[in-house]
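Mapped onto this note's numbering, the consecutive letters of the sequence shown carry residue numbers 7 to 108. Backbone N, C-alpha and C define an ideal beta-carbon position, used for all residues, glycine too. Quick caveat: nothing in here was measured; it's all calculated off a predicted structure.
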Amino acid sequence: MSCIRYGEGGKGMADGGCSVSSIEGVHDSYIVVISGRWIMYDTGDWDFKLDSDRMGRAVYAKLITSVEDLKRAIIESYGLVGMSVAVEMSYWLGEHGSCLCW
7 MSCIRYGEGG KGMADGGCSV SSIEGVHDSY IVVISGRWIM YDTGDWDFKL
57 DSDRMGRAVY AKLITSVEDL KRAIIESYGL VGMSVAVEMS YWLGEHGSCL
107 CW
């Protein structure tokens, strides 16, 4: 699996000219968020382990204009506002085994 990493604040995404709000038809959609962690085994295989205590949420895409907005929406959707939490995000790009991580 190849990952493209982005710095804090999502600079890589902004520099690439892509934001969630710029994609046609996304304004009235939701972004599905699943809480869990990626595990890499000694074989090099990756597996996503769902956090069964937190499960998934949906955040309203119309309000998301940056990576920071998405992080904030995720924290709010899980009721973690004001807590010290680290949000790491990845996006599966499709069948080819690529992962966009920031």
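Closest residue to residue i among the options (Cα-Cα distance)
i, options, result
"residue 61", "48, 76, 38, 78", "38"
"residue 63", "36, 48, 44, 97", "36"
"residue 81", "93, 70, 73", "93"
"residue 34", "57, 48, 73, 69", "69"
"residue 59", "84, 73, 90", "84"
Exposed unless 16 or more other CB atoms sit within 10 angstroms - verdict on residue i
i, result
"residue 54", "exposed"
"residue 87", "exposed"
"residue 91", "exposed"
Same chain only: Cβ atoms within 8 Å of residue i, ignoring 5 sequence neighbours per side
i, result
"residue 77", "93, 95"
Cα-Cα separation, residue i to residue j
i, j, result
"residue 52", "residue 45", "6 Å"
"residue 89", "residue 40", "19 Å"
"residue 42", "residue 72", "22 Å"
Bridge partners - residue i, DSSP secondary structure assignment
i, result
"residue 64", "38"
"residue 43", "55"
Close-in-space but distant-in-sequence residues of the same chain around residue i (CB under 7 Å, 5 per side omitted)
i, result
"residue 79", "65, 69, 70"
6 Å Cβ shell around residue i - same chain, five flanking residues per side excluded
i, result
"residue 56", "42"
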